[in-house]
Every structure is written in structure tokens, then in C-alpha cells.
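Report on one structure; see the data block that follows.
In the UniProt record's numbering, the protein residues as written are 1 to 271.
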């Protein structure tokens, strides 16, 4: 994208559940897709045609690996996107306590970089008013690892939190799906729903492939009342998920503007 081209970001309004004040809403950006280095390289090629896409993609992959190694070594890594510093989670009892992987874990703190902060200041934000009523996924908690919106366990239990996510309706597309982040992937439908409520779903995840990322989506005819919607509505959670080998929370290919504000358009399970 040329530097002089104005970037537009669409924002939808949702009820602010943290306050009882009438007319108080929170804004949520429409997430229209996710990108891997392959898509980033393709964008660069559109501006700088003297480089081969495969070469750029390889350089980006190598840069990622070297940044990851440096962060793991305890270095503070700074680039145009942000600053990354490794963190330690968990309580240590005693002055000589050692790291215990069953009690402690490593994470990463992130601070937006100057380049990103400057870009966000220049973004043209368009507020589209109240979001279309439909399902919204806020998070998914893996019951095995306790990971929130990152790692999921193949065939294991998980809890999805959100609003209007109760699975209701007789349309064949209604259900909960995991779709591999690959072109032409067939959605995997969740077959076991233990708890089905408007704000929380407890499920048994389907078997997923190790090292792969998946998109979580919900399709329902739930309307907030006992009357089902005539047409199902879908929501795709914008954060990709996978097992510990996949490193959930990754990105994928670009997607068209979402049908449901705040997330991508869920794939058609019947396709």
C-alpha cells in the first residue's frame, strides 16, 4: 500500500456491559482478515517489483526466527511493529525456588512501536453505529491447558464466551465449527455441546491436526428470545487457534469484509 493512501478502519458499537448507563457503548474494529508472511510479501511486490516474492517471504521468515531466538534469550527486540520482552508467570516460593513448568510459564509483553503508533494516528475511522444483532465470540478457554484464545487441545473440552452464541435453529448450517487455515479446507463441526447458553458454550473440540491453525466460528438462529431468526447469522473469531505446536493466536490469509461486525464471515459449512 502506498504511504500516501489513506487507510480506513470500520468500527461498530456494542452495549457496554461494564456500566448500566443508557446509551453507553464500546467500539469494536471490524477484523477483515489475517495475514501470513506470504501475504505481506505479496503486498511488498505490488510496490517494489524488482524483488521476487519468494525471496522476500524467505527473508521475513528468517527475520521472524531470529527475533524469536533473541526474545527467548532475554533480549528486548524492537521493530516497526513494537517492542517484545519475555516475561515469567507464576509464583516462586522461597529464595532458591527453581522454574517448574507445571507451575510457571514464559510469555511475552508487547508495546506498540513508533511506526505503528504513527500509522494508527493517521487512520480514518468510520463508526457504523450499532452492530447488527448476532453472535459474538469474546474468548475461548481450553480446559486442558487453561490457555485463553490461543492454544486448544485436540478432542478436549473448551469453553466459549460471548453474547448471543446459543446454538439454536434447524438450518443445516447451524453449529460450531473449526476450519483449518488453508484454502479450500472443510469446516469441522463440533458434535458434542455440553452446555448451551446465550453467553457461554461448553464443548468437546473435534480432532485437529497437529501444528495447524484453525478458525473458530459459530452459526446460529438464536435471536435473544424464544423466537428463532429466519436466517442464520455467523461470527468468526478473529484469532486463529491451534495446539501447542501450532502456537495459536497466529494469522492467515486475507478475507473479504465480514458479514458480522467484529469478526470475519464464517465459512459456509455446506460449501
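Backbone N, C-alpha and C fix where the C-beta goes; we use that ideal spot for every residue, glycine too.
Across the structure, residue 29 and residue 126 are spaced so that their CA atoms are roughly 10 Å apart. Here residue 179 is buried: its Cβ has 16 or more other Cβ atoms, across all protein chains shown, within 10 Å. When only Cα atoms are considered, residue 11 and residue 155 end up about 35 Å apart. Residue pairing from DSSP places residue 204 in a beta bridge opposite 157, 192.
Between residue 169 and residue 221, the C-beta gap is smaller than 8 Å, which places the two residues in contact. If you look at residue 138, you'll find it in the beta strand (DSSP E) that goes 136-142. Using a Cβ distance threshold of 8 Å, residue 205 and residue 152 count as a contacting pair. Looking only at 18, 196, 162, the smallest Cα-Cα distance to residue 236 is reached by 162. Counting every other CB atom within 10 Å of its CB across the protein chains shown gives residue 192 a total below 16, marking it as exposed.
Residue nearest to residue 196 within the set 215, 160, 230 is 160 (criterion: CA-CA distance).
By the Cβ test, the segment 82-102 is not in contact with the segment 41-51, since fewer than three Cβ pairs between them sit closer than 8 Å. The C-alpha of residue 24 is placed about 40 Å away from the C-alpha of residue 212. One alpha carbon belongs to residue 60, the other to residue 41, and they sit about 8 Å apart.
Counted as a single uninterrupted DSSP element, the stretch harbouring residue 245 is not any beta strand (DSSP E), since DSSP gives it neither H nor E. Under the three-state reduction of DSSP, residue 181 is assigned to coil, being neither helix nor strand. At a Cβ-Cβ threshold of 8 Å, residue 123 and residue 9 count as neighbours. In the DSSP secondary-structure assignment, residue 176 is bridged to 218. Closest in alpha carbon position to residue 146, among 105, 5, 137, is 105. Classified as buried, residue 166 has 16 or more neighbouring CB atoms from the shown chains inside 10 Å of its CB.
Going by C-alpha positions, residue 136 is about 16 Å away from residue 129. Buried is the label assigned to residue 201, since at least 16 other Cβ atoms lie within 10 Å of its Cβ.
The Cβ-Cβ distance between residue 107 and residue 164 does not fall below 8 Å. If the five residues before and after residue 194 are omitted, its C-beta is found closer than 6 Å to the C-beta atoms of 202, all from its own chain and listed in chain order.
A residue is called buried once 16 or more other Cβ atoms fall within 10 Å of its Cβ, and residue 207, having fewer, is exposed. Taken in chain order, the complete alpha helix (DSSP H) segments of 4 or more residues contained in the UniProt domain "Bvu-2165-like IHF-HU-like DNA-binding" (9-128) are 37-47, 53-72, 114-122.
Following the DSSP letters along the chain, one finds residue 234 inside the beta strand (DSSP E) bounded by residues 233-236.
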